[in-house]
Amino acid sequence: MAKPQLPQVKPPSIDNLLQANKGLTAVIKKEISDHISGKRFLILVALVVIACLASLYIAATAIRDAGTDNFAFLKMFTVAGSKLPFSFTAFVSFLGPLIGLIMGFDAISGERDRGTLSHVLSQPIYRDALINGKFIAGVAVLAMVIFGLGLVTGALGILIFGVPPTLSEFLRIITFLLLSVVYISFWLALSLLFSIVFRQTTTSALAGIALWLFFSLFAMFLVGMIADAIFPVTDNSPASQIIKNARLNQWLGRLCPNYLYDEATVTLMNPSVRALGVVTLEQILGAIEAPLTYGQSLLLIWPHVVGLIAATLICFAIAYYLFMRQEIRA
Amino acid sequence: MAKAAQDYLVTTKGLTKHYGTLVAVDNLNLKVKKGTIFGLLGPNGAGKTTTILMLLGLTEPTAGQALIDGCDPTREPLKVKARTGYLPDNVGFYQDMTGWENLYYTAELNGLPQDVAKERIAWAVERVGLADAINRKVGEYSRGMRQRLGIADLLVKDPPLIIMDEPTLGIDPEGVRELLALIKTLAREDGRTILLSSHLLHQVQEICDEVGIFVRGKMIACGTVDDLGRQLVQGKRFSLEIEAEPLDEGLLNLCRSQRGVVELQQAGTRLTLLCSEDIRPQLTKEIVAAGYKLLHLTLRGYSLDEIYRRYFTKEEGKNGQAATATSKAAQH
Numbered sequence: 001m002a003k004p005q006l007p008q009v010k011p012p013s014i015d016n017l018l019q020a021n022k023g024l025t026a027v028i029k030k031e032i033s034d035h036i037s038g039k040r041f042l043i044l045v046a047l048v049v050i051a052c053l054a055s056l057y058i059a060a061t062a063i064r065d066a067g068t069d070n071f072a073f074l075k076m077f078t079v080a081g082s083k084l085p086f087s088f089t090a091f092v093s094f095l096g097p098l099i100g101l102i103m104g105f106d107a108i109s110g111e112r113d114r115g116t117l118s119h120v121l122s123q124p125i126y127r128d129a130l131i132n133g134k135f136i137a138g139v140a141v142l143a144m145v146i147f148g149l150g151l152v153t154g155a156l157g158i159l160i161f162g163v164p165p166t167l168s169e170f171l172r173i174i175t176f177l178l179l180s181v182v183y184i185s186f187w188l189a190l191s192l193l194f195s196i197v198f199r200q201t202t203t204s205a206l207a208g209i210a211l212w213l214f215f216s217l218f219a220m221f222l223v224g225m226i227a228d229a230i231f232p233v234t235d236n237s238p239a240s241q242i243i244k245n246a247r248l249n250q251w252l253g254r255l256c257p258n259y260l261y262d263e264a265t266v267t268l269m270n271p272s273v274r275a276l277g278v279v280t281l282e283q284i285l286g287a288i289e290a291p292l293t294y295g296q297s298l299l300l301i302w303p304h305v306v307g308l309i310a311a312t313l314i315c316f317a318i319a320y321y322l323f324m325r326q327e328i329r330a
Numbered sequence: 331m332a333k334a335a336q337d338y339l340v341t342t343k344g345l346t347k348h349y350g351t352l353v354a355v356d357n358l359n360l361k362v363k364k365g366t367i368f369g370l371l372g373p374n375g376a377g378k379t380t381t382i383l384m385l386l387g388l389t390e391p392t393a394g395q396a397l398i399d400g401c402d403p404t405r406e407p408l409k410v411k412a413r414t415g416y417l418p419d420n421v422g423f424y425q426d427m428t429g430w431e432n433l434y435y436t437a438e439l440n441g442l443p444q445d446v447a448k449e450r451i452a453w454a455v456e457r458v459g460l461a462d463a464i465n466r467k468v469g470e471y472s473r474g475m476r477q478r479l480g481i482a483d484l485l486v487k488d489p490p491l492i493i494m495d496e497p498t499l500g501i502d503p504e505g506v507r508e509l510l511a512l513i514k515t516l517a518r519e520d521g522r523t524i525l526l527s528s529h530l531l532h533q534v535q536e537i538c539d540e541v542g543i544f545v546r547g548k549m550i551a552c553g554t555v556d557d558l559g560r561q562l563v564q565g566k567r568f569s570l571e572i573e574a575e576p577l578d579e580g581l582l583n584l585c586r587s588q589r590g591v592v593e594l595q596q597a598g599t600r601l602t603l604l605c606s607e608d609i610r611p612q613l614t615k616e617i618v619a620a621g622y623k624l625l626h627l628t629l630r631g632y633s634l635d636e637i638y639r640r641y642f643t644k645e646e647g648k649n650g651q652a653a654t655a656t657s658k659a660a661q662h
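Chains as they are written, first to last, in my numbering: chain A, 1 to 330; chain B, 331 to 662.
As structure tokens, this is what we get:
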């Protein structure tokens, strides 16, 4: 009599897992080298580098004229001069999304146009290896560019001023750069989504740019209008009405990723920002005027960071879902 | 049973795909034997590409199942893709990468180790005759070169099953001849199974062991070219075309006197014999024996074009009304 045997559950073979991974690393390698050798990416990075160096120069002259106080090193990134009304952080906030959009707008639709999509997907890789690989490669290149730029700007700052950063300044800058990578990744995920939804590459690019312009130019204007319509404010409105208006303004604004990013950046790069939003006089009364520590600033912007990461992941998740379900026609 | 399953590399059972109300592939039962060349033939929009995409797991079937070497493409896509090489009709390569880089990317996606990949690429490139151009960017390639790079790409992957979608489209006659010869060696010498789709029937006729004729998502006939011809002419008269010199009364009489000849028509220098059986062997012997030079002899109805045209018109007549209804639906 043969003993009844336990049904054996076969674990997924390691070979298979490795195989899937190999596809992913191949895609990442290829995408990174594509980005770096691509002409349009070089043009864009050149633009951003010039803008940032210009803003550094302007900041340097502005700080020299005004003299330095605390956190001189951080000021190099945040102070705008009269000739060029942009600081380093403002440039990253304004042009960063453009980098993300340009890196992703033809990620899938371009492959479809050239007929490479069906070719790649008929190789033994999981379908998500392609989209994961593209996103990971994009984020990696973004991180290289942003960190490279931030550190070069910092190094030049040290050369110009001769002021080394304190530890907390250094941590703040690193956190700011990380935050910028997350923020631009959001735009990368969004453009990846558009490249899947829209079959035409130009439509996808235009949709991305339209959204970028909307958020950076019109969104806050619209938010103000809505807040004013719900809680109208005149010269002699009661204080509670004014506070309600300002709060609504802020909460609606926080639905925009660029507002979130800007608020977080200001808090990080300017330690004297102690609270976000409306502060009444009685709350300030008696408070000791002192800059926040790094940890406290981080605590203040923690919801912003989580919000940005969540927005990025939601965009990517939608893109992922659509791509997995999509018909692949040659 | 087990042996039968091994003989067939590709089988489909009731494979169906709907796009809204349009039925792209309708209840397809296909069997492709190992080591043979199978041709999916049919006009544009007959559902050939959709079938191929379902076989590769790039499109999910609405109903039914496909099995490639015993694996279901929707459940085990990696196994299927590892066993299958796919050459789409307009094969896509990255324009700003060289041919070699494109092939190397394929090798990497297939998880080949570096040294094996390099060796295989060199061998494949040599075999398709692209050695001179392999370090140029693919953007500079002609269509024929791109197609050959596509085949090199398949060779790098080295799969037992190769699926080609319209491989001869847009290539000059000389290129087509070379390409077909190459495809033939892939099957005959390497023992691979090849499934190819085409609407250019006479081109693929010579290399296909078996063909399936597709009209509007249905496979209306399947078998060897000879079988299809025989099925078609069964119960009908054979139609023989003859051209011989000199064309005189004696020749006409000789033809008329053959057993089974029902009617003789003359058009220019060509004679058409309608007969109740295949009289080619005795006819040729007698014509030559009588001192005539035989220039041309064909049995009409055996060429794939003919078969295809007849099947198509037959189907057209049957489904004429349904067909106009679906084409109207497709326009909306």
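Note that beta-carbon positions come from the ideal geometry of N, C-alpha and C, so glycine has one too.
| Asked | Found |
| --- | --- |
| Answer with yes or no whether the minimum CB distance from B:A396 to chain A is below 7 Å. | no |
| Does B:Q477 pass the burial test, meaning 16 or more other C-beta atoms within 10 Å, or should it be called exposed? | buried |
| Please report the distance separating the alpha-carbon of A:V139 from that of B:A376. | 43 Å |
| In or out: B:A659 buried (at least 16 other Cβ within 10 Å) or exposed? | Per-residue confidence for B:A659 stands at a pLDDT of 41, beneath the threshold of 50, marking its modelled position as unreliable; the derived number appears in the next sentence. Exposed, by the Cβ-count rule. |
| What residues in its chain sit with their C-beta under 6 Å from that of A:K134, if we drop five residues either side in the sequence? | E31, A107 |
| For the segment 366-393 of chain B, enumerate the residues whose C-beta is nearer than 8 Å to any C-beta of chain A, in chain order. | T379, L383, L386, L388, T389 |
| Taking only the alpha-carbon atoms, compute the straight-line gap between A:F218 and A:G253 and give it to the nearest angstrom. | 11 Å |
| Among A:L192, A:E169, A:V48, which has the Cα closest to the Cα of A:F105? | A:L192 |
| By how many angstroms is the C-alpha of A:L313 removed from the C-alpha of B:Q533? | 51 Å |
| Indicate whether at least one CB of chain A lies closer than 7 Å to the CB of B:A412. | yes |
| Does DSSP put B:E579 in a helix, a strand or coil? | helix |
| So if I threshold CB-CB distances at 8 Å, which residues from the segment 309-327 of chain A count as touching chain B? | E327 |
| What separation, rounded to the nearest whole angstrom, lies between the Cα atoms of B:E575 and B:N583? | 14 Å |
| Measuring only between beta-carbons, confirm whether A:Q123 sits less than 7 Å from chain B. | yes |
| Would a C-beta distance cut-off of 7 Å place A:R127 and B:G422 closer than the cut-off? | no |
| Looking at chain A, is there any beta carbon in it that lies within less than 7 Å of the beta carbon of B:T342? | no |
| For the beta strand (DSSP E) that contains A:V273, what are its first and last residues? | Run containing A:V273: none; DSSP gives neither H nor E here. |
| For B:N357, which residues of its own chain have a beta-carbon under 6 Å away from its beta-carbon, when the five flanking residues on both sides are left out? | G344, T346 |
| Using the three-state DSSP reduction, which class does B:A659 fall into: helix, strand or coil? | Caution applies to B:A659, whose pLDDT of 41 falls short of 50 and renders its modelled position unreliable; the value that the coordinates give is listed next. DSSP places B:A659 in helix when its eight states are reduced to three. |
| Helix, strand or coil, according to DSSP, for B:S675 in the structure here? | In the structure as shown, chain B begins at 331 and stops at 662. Residue 675 of chain B is therefore absent and cannot be evaluated. |
| Between B:K448, B:H348, B:I537, B:P403, which lies nearest to B:K548 when the distance is taken from Cα to Cα? | B:H348 |
| Under the DSSP definition of a beta bridge, which residues are partnered with B:K467? | B:T428 |
| For the beta strand (DSSP E) that contains B:K361, what are its first and last residues? | 352-363 |
| With H, G and I counted as helix, E and B as strand and the rest as coil, what does DSSP make of A:A129? | helix |
| Exposed or buried, which one is B:D419 when buried takes at least 16 other CB atoms within 10 Å? | buried |
| DSSP three-state label for A:G100, please. | helix |
| Just curious, the alpha helix (DSSP H) that A:T336 is in, first and last residue? | Outside the shown range of chain A, which is 1 to 330, sits residue 336 of chain A, and nothing can be said about it. |
| My output table needs one value for A:A330: the three-state DSSP class, helix, strand or coil. | With a pLDDT of only 49 at A:A330, under the threshold of 50, the placement of this residue in the model should not be trusted; the figure read from the coordinates follows. Looking at A:A330 - three-state DSSP - the assignment turns out to be coil, as it is neither helix nor strand. |
| Quick check on the DSSP output: the alpha helix (DSSP H) that includes B:Q588 runs from which residue to which? | Here B:Q588 belongs to no alpha helix (DSSP H), and DSSP marks it neither H nor E. |
| Let's test the definition: count the other Cβ atoms within 10 Å of the Cβ of B:A437 and tell me whether it reaches 16, buried, or not, exposed. | buried |
| Can you confirm whether A:G115, when its beta carbon is compared against all beta carbons of chain B, has any partner nearer than 7 Å? | yes |
| With DSSP collapsed to three states, give me the class of B:A332. | Summary for B:A332: the model assigns pLDDT 44, below 50, so the residue's position carries little reliability; its value from the coordinates is reported in the next sentence. In this structure, B:A332 counts as helix in the three-state DSSP scheme. |
| For B:H348, report the span of its beta strand (DSSP E) as first-last. | 338-349 |
| I believe A:M269 touches A:R172 by the beta-carbon criterion, under 8 Å. Please report the beta-carbon distance rounded to the nearest angstrom. | 6 Å |
| Let me check one thing: in DSSP terms, what residues is B:E593 bridge-paired to? | B:L604 |
| Please state the DSSP three-state secondary structure of B:E519. | coil |
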